[in-house]
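Take a look at the structure set out below.
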Amino acid sequence: MVIRVRDLVVGFGDHIVLDHLSVDVRRGEILGFVGGSGGGKSVLLRTIIGLLPKRHGSIEVLGTNMDRASDEERRAIERRWGILFQQGALFSSLTALQNVQFPMREYLKLSERLLKEVAIAKLRMVGLTPNDGDKYPSELSGGMTKRVALARALALDPEIVFLDEPTSGLDPIAAGDFDALIRTLQQTLGLTVFMVTHDLESLQTVCDRIAALADGKVVAAGSLATMLASEHEWVKAYFRGKRASRLASRLAHSD
Amino acid sequence: MSSEPLLSRAFADDRLELAAAGSWTAVHANELEALVDGIARDAARSRSAAIDMRRVHEFDTFGAWLLERLVRESKALGQDMQIVGLPARFQGLLDEVHRTGGEGPPPPAAPNPLLRALEALGRGVAETGRELVPFINMLGALCIALIRVIVHPRAFRLTSAVHHVDRVGWQAVPIILLITFLIGCIIAQQGFFHFRKFGADVYVVDMVGILVLRELGVLIVAIMVAGRSGSSYTAELGSMKMREEIDALRTMGFDPVEVLVLPRVVALVIALPLLTFLGSMAALYGGGLVAWLYGGMSPEIFIDRLKEAISVTHFRVGMIKAPFMALVIGIIACSEGFRVLGSAESLGVQTTTSVVKSIFLVIVLDGVFAIFFASIDM
Ligand SMILES: Nc1ncnc2c1ncn2[C@@H]1O[C@H](COP(=O)(O)OP(=O)(O)OP(=O)(O)O)[C@@H](O)[C@H]1O
Ligand SMILES: [Mg+2]
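Here it is as structure tokens:
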């Protein structure tokens, strides 16, 4: 088990966002996390990585309880995960290439040449050209920002990546490539992926398991078939609504 | 396992046999790069080469790229490096890196440092000439907005203006009072200390009165306001610019100058004279206090002397300058805010520029006013 969240409660003021939520992420899997807008997916992600305080519950990452971890242990864990924020969160005063190099410079002692070559390889992997590397974040399109942010999340070849809606803002072809890339990396690096997404296509094609968040809890977790069979109101509406029916029929054909 | 050499080599006839092992990962990338480069240099001696990857048990993008680099470099030497025994699970990554890796475009040739210094100097001079343009632009836009508001008074953002008067005026009162009070004390103390030598104690009151009312009161307050409120105007407008909020306003048919700049500048123009008045009073009070406690001049005498020394003219000279200084500070702060580009760094740069420029202009303006008032005998 790579991530183990138990009984997590997170709130702002008297607004409880996550209410005794438990979820597991297994080693080497791609977990798709779905939930309504404003349901608390980003809050869960930010709580796991320690950006938001929790009121109750425990979080274990890579076998380490994050509450009891010393600063050194935390740093060691932080080096082993990469995060793609929903808004990109690129450093605005660094170019795209420098953004990707930033964690490498911080954690690894590499020659300038290797630093440049690997960073360019990462940019190409996410579908950018080396020329894009010299642009500043304010000069990038929305989709390019997402890609640079992914390249930065992958800079250290982490064991876990947290992706907050990686494919929103990408055209369907690019989104498909993105999914394929995540798959490749997951297979070759043994990556564990925690992916918040609304993209039914990625849920179907790349996710090994899906967890659905509603009312501050995980109300269903399992394969797509489990989701389709769920009796929970929200899960039913999500996976069997109009937009999803096409997917369902396709799934039925493939059975 | 970490004791295993990452890369070892052997020659069989004129064939180079490499054996890789251990972790070809980011943490070892530095060592590995040195090894790989060393091999590439030696490889020229042999005709063919092979690398055995069987005993590599960890492999990531860094390792994959270095392997790819080794293969490419030996290929460039006319040799065919074969990879044998790469575990199947790593093949995908190697393919990925094969597809994506590479030097990228060469960096643009660095120009001659002398030329670059000259270019920077030239640019600097040209920019300085252009520094006035945003100021004049903003002044023009502000006048247009003002005329529009005068024609349609309902378009004026009264709530916003009141809010800003509260921020830049009311909330600044304590700090302004404190600072001007201290300045008044210091001037009076210095006056007594030096004037006493030639028995000119009474003239300290003249000096404090005239200096505070004509020059120091308004100047200190204007500088304080430029640092305190001008900088916050620039930072606010700059971060709105960064997050495209200003573009959003414009697309909704609002004029950002009318919505954002006018209320802020109006607030400053209202607040600065009031602060100047309060500040001047505090400075006179401080001067009087020091005259009494340090100079041994009773408050009655101080006030009598002050009545003789100063006239309404001195007071008016100070107060007339205040709104103009407010205008300069407001326009500089807002126009610098609009010049912020996408990055956090540029926000910092423009905020600094805004404060430096407005303090500079406030002092220049004060000088211009001094000449003006002297020539009309005020
Ligand atoms: N810093 C904060 N302060 C107060 N409330 C917050 C804060 N961050 C999030 N919230 C609230 O928590 C709830 C969950 O927000 P969250 O960002 O997790 O939604 P989400 O599930 O990621 O939605 P989306 O799919 O739109 O990104 C929302 O009601 C939001 O208003
Ligand atoms: Mg979110």
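Heads up: the protein sequence lines correspond to chains A and B, in order. For the record, in the first sequence the residue sitting at position 240 is 1508 according to our numbering, with numbers rising by one throughout. For the record, in the second sequence the residue sitting at position 210 is 230 according to our numbering, with numbers rising by one throughout. Note that beta-carbon positions come from the ideal geometry of N, C-alpha and C, so glycine has one too.
- Of the heavy atoms belonging to ligand 1, at least one sits nearer than 6 Å to the Cβ of A/VAL1285.
- Between A/ILE1441 and A/VAL1474, the C-beta spacing is not below 7 Å.
- With a 10 Å radius around the Cβ and a threshold of 16 neighbouring Cβ atoms, B/MET317 comes out buried.
- Linking A/GLY1350 to B/GLY368 through their CA atoms gives a straight-line distance of about 29 Å.
- Comparing alpha carbon positions, the residue from A/VAL1273, A/GLY1318, A/PHE1301 and A/VAL1277 closest to A/GLY1490 is A/PHE1301.
- Fully contained in the region 1308 to 1362 of chain A are the following beta strand (DSSP E) runs of length 3 or more, in chain order: 1324 to 1329 and 1349 to 1352.
- Taking 7 Å as the cut-off, the Cβ atoms of B/ILE203 and B/ALA303 count as close.
- Assigned with DSSP and collapsed to three states, B/GLN99 falls in coil, not helix or strand.
- Contact of A/TYR1506 with chain B by beta-carbon distance below 7 Å is absent, the smallest such distance being about 31 Å.
- Taking C-beta atoms as the reference points, B/LEU288 and B/VAL388 fail to come closer than 7 Å.
- For A/VAL1503, no CB of chain B lies under 7 Å from its own CB, so it is not counted at the interface with that chain.
- Contact between the region 360 to 377 of chain B and the region 293 to 302 of chain B is absent: fewer than 3 CB-CB pairs across the two stretches fall below 8 Å.
- Within chain A, the C-beta atoms nearer than 8 Å to that of B/ASP80 come from ASP1425 and LEU1457, in chain order.
- Within the DSSP bridge table, the entry for B/LEU198 names no partner.
- CA-to-CA, the gap between B/ALA140 and B/PRO133 works out to about 10 Å.
- Against chain A, a Cβ distance below 8 Å from B/LEU361 picks out SER1406.
- Under a criterion of Cβ atoms nearer than 9 Å, the residues of chain A adjacent to B/LEU113 are, in order, THR1452, LEU1453, GLN1455, THR1456 and LEU1457.
- Shortest Cα-Cα distance from A/ARG1420 to any of A/GLY1279, A/ARG1373, A/LEU1438 and A/ASP1439 involves A/ARG1373.
- Distances from the alpha-carbon of A/ILE1345 to those of A/GLY1331, A/TRP1502 and A/LEU1358 put A/GLY1331 closest.
- B/TRP44 is bridged by DSSP to B/PHE79.
- Interface with chain A (7 Å Cβ-Cβ cutoff): B/ASN50 is included.
- Exclusion of A/VAL1487 from the 6 Å shell around ligand 1 follows from its C-beta lying no nearer than that to any non-hydrogen atom of the ligand.
- Taking the Cα of B/ILE71 as reference, the smallest distance to any Cα among B/GLN99, B/ALA40, B/GLY58 and B/MET158 is reached at B/ALA40.
- Counting every other CB atom within 10 Å of its CB across the protein chains shown gives B/LYS327 a total below 16, marking it as exposed.
- Bounds of the alpha helix (DSSP H) holding A/ARG1420 are 1410 to 1421.
- At a cut-off of 7 Å between C-beta atoms, B/THR120 counts as an interface residue with respect to chain A.
- Checking the 6 Å criterion, the Cβ of A/PHE1280 is within range of a heavy atom belonging to ligand 1.
- Straight-line spacing of the CA atoms in B/GLY308 and B/PHE322 works out to 6 Å.
- Taking all protein chains shown into account, B/ARG325 has 16 or more neighbouring C-beta atoms within 10 Å of its C-beta and is therefore buried.
- Counting C-beta pairs with one atom in each stretch, the region 248 to 265 of chain B and the region 142 to 158 of chain B have fewer than three that are closer than 8 Å, which means they do not touch.
- In this structure, ligand 1 has no non-hydrogen atom nearer than 6 Å to the beta-carbon of B/SER331.
- Here the alpha carbons of A/GLN1355 and B/ALA394 stand approximately 59 Å from one another.
- When CB distances to chain A are screened at a threshold of 8 Å, the residues of the region 35 to 47 of chain B falling below it are THR45, ALA46 and VAL47, in chain order.
- With its beta carbon at least 7 Å from every one in chain B, A/MET1495 lies outside the interface.
- Proximity of the region 218 to 234 of chain B to the region 248 to 260 of chain B falls short of the contact definition, fewer than three beta-carbon pairs being nearer than 8 Å.
- Between A/GLY1411 and the set A/LEU1438, A/ALA1387, A/GLU1433 and A/ALA1423, the nearest pair of CA atoms involves A/LEU1438.
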